[in-house]
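Chemist: Just so you know, the sequence shown maps onto residues 1 to 790 in UniProt numbering. Even for Gly, the Cβ is constructed at its ideal location relative to N, Cα and C. Every value quoted in this text rests on a predicted model; they were computed, and no experiment measured them.
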Amino acid sequence: MGKLKLVAIDKSYRTGNQYLNVLKKISLEFRESEFVSILGPSGSGKTTLLNLIGGLDQYDSGDLVINGYSTKHFGNKDWDAYRNRSIGFVFQNYNLIGHQSVLQNVEIAMTLSGVSSAERKQRATKALEEVGLKDHIQKKPNQLSGGQMQRVAIARALVNNPDIILADEPTGALDSKTSTQVMKILQEVAKTRLVIMVTHNEDIAEEYSTRIIRFLDGEIQSDSNPIETTDSVKAEKPIKAKKKNRTSMSLFTALSLSFKNLLTKKGRTILTAFAGSIGIIGVALVLALSNGLSGQLDVMQTDTLANFPIMIDTGEQFVNFDEMGPPDQNNGDFEEYPDDTVIYRYDNMENFSTHTNVLTDDFLDYVDQMETEIADAIDNVSYTRGVEINLLAQHDDQVVKFQTTSDAMMMPGMPGMGGQGTHWQEMPSDEDFILEMYDFIGEGSRLPAADNEVAIVIDRYNRISTEFFDKLGFDEAEESYDVTDFIGETMLKVIPNDSYYTEEENGFFSPANPSAYQDLFEQEEGKELVITGVLREKEDVTTAYFEEGFIYTAALTDYIVANAQDSEIAQAQEESDLDLLSNVPFQNDAMKEQALIRLGAITTPTGINIYPTSFAAKDEIKAELDNYNEGLAEEDQIVYNDLAEILGDIMTDMINTVTYVLVGFAAISLIVSTIMIGIITYVSVIERTKEIGILRSVGARKKDISRVFNAETLIVGFVAGSLGIALSYLLIIPINNLIEILTDIPNVASLAIIPAVILIAGSMILTLIAGLIPARMAAKKDPVVALRTE
Ligand code: ADP
Ligand code: MG
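And the structure:
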């Protein structure tokens with residue numbers, strides 16, 4: 001009863017339009033153990049027969065019966081498992097994997113069948129010992145002679161203990177002495193299993209084999225020791241390889257195969273990885289920079305900008321109520337690029353309207369209510385008063401008026417900031433807010449606390465404008481001052497309205513004459529102001545909150561308001577429709593209201609600053625204000641300004657724009673390097689075609705082959721990603737140095753660990769995708785064709 005039986009096997013190859021019938025209805029049966037030599041001229045179909053028996057190639061018709069079971073219904077996996085377990089191939093040209101050691105070449109079939117690494121090593125070593133190569137197991141195949149390589153191939157064929165050894169001209173490339181060694185080994189092997197050998201050498205066939213089959217043109221000519229063919233083919237029922245019998249290559253095996261292969265091409269791998277890393281470096285640096293910049297912005301916003309007030313001002317301002325919507329593109333009835341030659345006139349202010357906030361009692365109540373309702377969000381609410389203050393300054397026995405109002409326009413969008421050139425601002429009550437932005441200069445410097453205290457603010461160069469000194473009556477000749485000239489000094493005095501304005505006989509009032517300033521300064525009425533300190537903005541503060549000049553407390557404002565309200569001129573003005581200072585009638589009610597505000601008769605604030613407790617609180621406050629505006633006519637709405645947001649938005653926009661542009665460039669380099677890695681993988685597939693054939697011949701599945709190449713691209717992707725990240729970290733150092741030189745901000749660019757890891761993973765995924773198509777091509781390669789390539 002035979003081990004292996006061929007029943008009318010037929011095989012044709014198609015070349016162009018012609019069919020070549022290579023095997024013609026071959027029927028043959030083999031014993032469980034015998035040494036069969038197949039002799040025949042070149043091209044007679046011997047190799048084809050071996051490949052069919054070994055499951056590397058598929059027959060067209062007939063049946064291959066293994067252990068009495070038909071293979072007609074074998075699937076790919078069954079053939080893979082069959083090759084791995086039942087067949088050992090020995091080829092004329094050895095077919096060893098060049099980048100693997102002798103030991104690893106022998107182990108390869110076992111790695112596919114899931115044998116543990118210790119057992120693999122032990123069995124492979126034993127097999128190599130049996131073929132007399134004990135001392136060469138760590139060598140690479142190219143360090144061995146032809147006979148030694150063929151013995152490695154035999155060891156590889158034997159190590160999985162297959163039932164059948166198929167040897168295709170194993171001595172074809174060997175001299176007679178080494179041929180004898182190889183044949184003796186095969187003869188020994190044939191004692192316990194079936195060896196089918198194709199050879200050209202009649203003598204060898206005669207000497208060693210137990211049976212000789214002669215082949216000609218795809219037909220059997222003679223058989224020296226045929227078997228009585230048993231008629232009944234038992235159990236035609238197809239068998240399927242059970243799950244546990246299937247071969248599979250572990251990811252680790254795939255990785256180590258590819259890693260070793262890459263090691264043999266170090267230069268190219270490093271170049272590839274470097275090219276691949278450029279895209280990663282681009283993305284990493286962009287990330288690091290934009291991350292660092294927005295981090296910087298966040299710090300700025302939470303540190304200082306967050307505490308900037310939401311400002312509601314009563315000055316006239318330009319507002320675009322449609323700002324939130326898309327810009328009006330149709331431009332009314334005007335046609336784009338008209339054909340006619342008419343020139344039109346249009347109103348470029350149409351989209352803007354001027355708006356004046358009217359702080360009604362309703363609104364003031366609403367703000368009061370807000371202060372209690374969202375107390376957590378509001379740090380402080382401060383009110384600006386329009387009341388004019390009569391301030392005199394004394395220097396060198398000379399007294400001048402310190403003008404606290406300015407005719408200059410308030411800066412648009414920056415109302416409540418004290419205006420331009422007044423040098424006289426109320427400070428917010430939150431001391432921490434001020435101290436976050438300002439340092440004290442000079443010994444004993446402190447913030448004003450009481451209603452008779454003020455402080456001086458200087459700029460980052462320790463400067464204050466000439467105007468300020470003029471207002472104080474300082475001589476132009478005096479070029480330098482010291483903080484000690486100011487701290488603790490009382491050079492300012494607030495003069496009450498009743499002293500400053502004198503009522504004339506006709507009922508009108510006149511302000512004090514400059515010649516009377518000296519007396520006014522020396523008289524008892526009024527309030528002398530002490531300078532408590534000098535403040536300068538901190539180094540890392542980007543926006544100066546105060547203009548240089550004096551800052552004073554809200555308590556002083558309260559004092560002035562209370563004082564002015566009770567003054568004779570204020571009360572008299574309320575009764576009269578004539579301007580009591582200029583003696584002319586008011587043109588309208590608004591003019592009178594302005595005059596009453598200046599004199600302190602009307603205490604309605606001219607501005608409100610709401611100080612939030614945090615950045616989030618700011619949004620809460622704005623939501624409340626928007627709530628108030630809801631449903632109100634445009635003229636009744638309250639428009640607020642948020643300086644911090646304007647600043648923050650501009651910077652965020654800038655950072656985003658720069659980031660998008662850079663990301664675009666980085667993406668292009670990523671795409672280029674991905675395509676390149678795809679091409680390189682393709683080249684690698686071409687180069688490793690032989691290895692693909694060898695792996696398939698020892699039972700690797702198509703899946704395993706694509707796994708090998710995917711492992712290779714994964715490794716390249718990992719190296720490229722890691723190299724890219726490492727280089728990025730290195731590049732960040734000089735970049736940060738440069739930024740620090742340019743902007744004084746240290747360590748702007750920073751790449752966190754998590755994005756770095758994500759980038760490496762991303763690089764691996766990208767190269768994996770790039771290699772998918774070449775890997776599939778590799779998997780689809782016909783093993784027979786693959787083995788034929790050199
Ligand atoms: P042998 O091993 O006896 O020299 P082969 O079995 O290798 O012969 O080849 C038998 C014939 O089949 C030859 O003419 C060969 O050209 C042809 N042949 C083998 N493989 C293929 C193939 N994949 N495609 C087309 N023709 C093939
Ligand atoms: Mg051949």
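Check Glu323 in the structure and name its three-state DSSP category.
Modeler: In this predicted model, Glu323 has a pLDDT of only 48, less than 50, meaning its place in the structure is not dependable; the value taken from the coordinates is given anyway. Of the three classes helix, strand and coil, the one that applies to Glu323 here is coil, per DSSP.
Chemist: When DSSP builds the beta bridges, which residues end up paired with Gly578?
Modeler: The sequence shown places Leu at residue 578, rather than the Gly named in the question. Residue pairing from DSSP places Leu578 in a beta bridge opposite Pro585.
Chemist: Please confirm if the segment 545-565 is in contact with the segment 374-390, defined as three or more CB-CB distances below 8 Å between the two stretches.
Modeler: Yes: at least three Cβ pairs fall under 8 Å.
Chemist: Using 10 angstroms around the beta-carbon of Met591, count the other beta-carbons present and answer buried if the total reaches 16, otherwise exposed.
Modeler: exposed
Chemist: What runs of the beta strand (DSSP E), each 3 residues or longer, lie entirely inside the segment 124-149?
Modeler: none
Chemist: Between the alpha carbons of Asn51 and Leu751, how many angstroms are there, rounded?
Modeler: 56 Å
Chemist: Short check: CB of Asn201 to CB of Thr178, under 8 Å?
Modeler: no
Chemist: Within its chain, find whatever has a CB closer than 8 Å to the CB of Ile26; leave out the 5 residues flanking it on each side and keep chain order.
Modeler: Leu6, Ala8, Ile9, Asp10, Leu49, Gly62, Gly218, Glu219 and Ile220
Chemist: Is any heavy atom of the ligand MG found at a distance shorter than 7 Å from the C-beta of Thr789?
Modeler: no
Chemist: Tell me which residue opens and which closes the alpha helix (DSSP H) that Tyr628 is part of.
Modeler: Phe615 to Asn629
Chemist: Just to be sure I understand the criterion: a residue counts if its Cβ is closer than 5 Å to at least one heavy atom of the ligand ADP. Which residues meet that?
Modeler: Those residues whose C-beta sits under 5 Å from the nearest heavy atom of the ligand ADP are, from N- to C-terminal order along the chain, Tyr13, Val22, Ser42, Gly43, Ser44, Gly45, Lys46, Thr47 and Thr48.
Chemist: Just to confirm, is the Cβ distance from Gly88 to Ala190 under 8 Å?
Modeler: no
Chemist: Output yes or no for whether 8 Å exceeds the beta carbon distance between Ser684 and Gly279.
Modeler: no
Chemist: Which full runs of the beta strand (DSSP E) of 3+ residues lie inside the segment 475-538, going along the chain?
Modeler: 492-494, 501-503, 509-511 and 527-537
Chemist: Less than 7 Å between the CB of Val198 and some heavy atom of the ligand MG, yes or no?
Modeler: yes
Chemist: Among Gly16, Lys3, Val534 and Asn95, which one has its Cα closest to the Cα of Gly68?
Modeler: Looking at the Cα atoms, Lys3 is the closest of the given residues.
Chemist: Just to check, is the beta-carbon of Asp168 closer than 7 Å to a non-hydrogen atom of the ligand MG?
Modeler: yes
Chemist: By the three-class DSSP mapping on this structure, what secondary structure does Ser113 have?
Modeler: In this structure, Ser113 counts as coil in the three-state DSSP scheme.
Chemist: Taking buried to mean at least 16 other C-beta atoms within 10 Å of its own C-beta, is Tyr545 buried or exposed?
Modeler: Classification of Tyr545: buried, given that the 10 Å Cβ count is 16 or more.
Chemist: What residue range does the beta strand (DSSP E) around Arg214 cover?
Modeler: Arg211 to Leu216
Chemist: Name the two residues that bound the continuous beta strand (DSSP E) containing Phe74.
Modeler: Unbroken run through Phe74: none, as it is neither H nor E.
Chemist: Who does Ala455 pair with in a DSSP beta bridge?
Modeler: Paired residue(s): Gly533 and Ile551.
Chemist: Between Gln150, Met370, Ala155 and Gly724, which lies nearest to Pro612 when the distance is taken from Cα to Cα?
Modeler: Met370
Chemist: Along the chain, where does the beta strand (DSSP E) containing Ser465 start, and where does it finish?
Modeler: Per DSSP, Ser465 lies in no beta strand (DSSP E) segment and is marked neither H nor E.
Chemist: Report the residue ranges of all alpha helix (DSSP H) runs contained in full by the segment 666-745; include only those spanning at least 4 residues, in chain order.
Modeler: 689-697 and 702-743
Chemist: Report yes if the CB atom of Arg688 is closer than 8 Å to the CB atom of Asn105, and no otherwise.
Modeler: no
Chemist: Report yes if the CB atom of Gly607 is closer than 8 Å to the CB atom of Ile312, and no otherwise.
Modeler: yes
Chemist: By the three-class DSSP mapping on this structure, what secondary structure does Ile281 have?
Modeler: helix
Chemist: Would Lys471 pass as a contact of Gln573 if the rule is Cβ separation under 8 Å?
Modeler: no
Chemist: Do Val381 and Val367 have their C-beta atoms closer together than 8 Å?
Modeler: yes
Chemist: Could you give the first and the last residue of the continuous beta strand (DSSP E) run that contains Arg14?
Modeler: Leu4 to Thr15
Chemist: Are Gly717 and Ser763 closer than 8 Å when you measure CB to CB?
Modeler: yes
Chemist: Once DSSP output is grouped into helix, strand and coil, what is the label at Lys242?
Modeler: Any answer about Lys242 is weak, because its pLDDT of 48 lies below 50 and its placement is not dependable; what the coordinates show is given next. DSSP places Lys242 in coil when its eight states are reduced to three.
Chemist: Going by C-alpha distance, which of Gln425, Ile53 and Val102 is nearest Leu556?
Modeler: From the listed residues Gln425, Ile53 and Val102, the smallest Cα separation to Leu556 is found for Gln425.
Chemist: How long is the line joining the alpha carbons of Asn629 and Glu373, rounded to whole angstroms?
Modeler: 17 Å
Chemist: For Gly526, which residues from the same chain have a beta carbon less than 7 Å from its beta carbon, with the 5 sequence-adjacent residues on both sides left out?
Modeler: Lys493, Val494, Ile495, Pro496 and Ser499
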